[in-house]
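**Q** Here you go, one structure.
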Amino acid sequence: MRKPILIAATALIAATGFGSAASAQPMAYGHHNAGRPTPVRDANIRNDIWQLNRNIDRAVARRTISNREATGLRRESAQLQRLYTSYARNGLTRAETNTLRARVDRVQYALRAERNDRDRRRG
């Protein structure tokens, strides 16, 4: 009598244990989910936006860009942050991540251009 209960309990534990492990794994890695939101994408983009703001502040502190140039870049960065906040409410999909990535790249390119033009004027 004891043996069938033990087998049934083991089967139940195995079924629930493997089911939860399989459902938890896709959220851990961003590349396993085609369009579903993942914490990895959220953290990466959030970090990139934070780093962008930090780079703008650093360029102003080093006087490689003017305050006027920094104001325009900060405005673009703030718009990017608002877009991220809007998208991140339900987690970022791959399409949203690509949109944000393109915007981050665009602002980073503009920052690089402003640092290298040495005219201390926007544009």
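For the sequence shown, the residue numbers in mature numbering (1 follows the signal peptide of the UniProt record, and there is no 0) are -21 to -1, 1 to 102.
Using N, Cα and C, we set each Cβ at its ideal position, and we do this for glycine too.
Keep in mind the model is a prediction, meaning the values are calculated, not measured.
(1) Taking Ile24 and Leu62 to be in contact with their CB atoms under 8 Å, please state how far apart those CB atoms are, rounded to whole angstroms.
(2) CB Leu90 to CB Leu52, shorter than 7 Å?
(3) Is the stretch 82 to 96 touching the stretch 41 to 50, taking contact as three or more C-beta pairs under 8 Å?
(4) Using a 10 Å radius around the Cβ and a threshold of 16 neighbouring Cβ atoms, would you call Ala38 buried or exposed?
(5) Rounding to the nearest angstrom, what Cα-Cα distance links Thr78 and Arg68 in this structure?
(6) Can you find the residues in the same chain that come closer than 8 Å, C-beta to C-beta, to Arg80, ignoring five residues on each side of it along the sequence?
**A** Inspection of the coordinates gives the following:
(1) Locating residue 24 in the sequence shown gives position 45, where the first residue counts as 1. Locating residue 62 in the sequence shown gives position 83, where the first residue counts as 1. Rounded, the Cβ-Cβ distance is 10 Å, inconsistent with contact.
(2) On the sequence shown, residue 90 is found 111 positions in, with the first residue counted as 1. On the sequence shown, residue 52 is found 73 positions in, with the first residue counted as 1. Yes. Within cutoff.
(3) Taking a contact to require three or more Cβ pairs closer than 8 Å, the stretch 82 to 96 and the stretch 41 to 50 qualify as touching.
(4) As a first step, residue 38 is located in the sequence shown; it is residue number 59 there, counting from the start. By the neighbour-count rule (16 or more Cβ atoms within 10 Å), Ala38 is buried.
(5) Numbered from its first residue, the sequence shown carries residue 78 at position 99. Numbered from its first residue, the sequence shown carries residue 68 at position 89. The straight-line gap separating the alpha-carbon atoms of Thr78 and Arg68 is approximately 16 Å.
(6) In the sequence shown, counting from the first residue as 1, residue 80 sits at position 101. Closer than 8 Å at the Cβ level, and outside the excluded window around Arg80, lie Ile24, Asp27.
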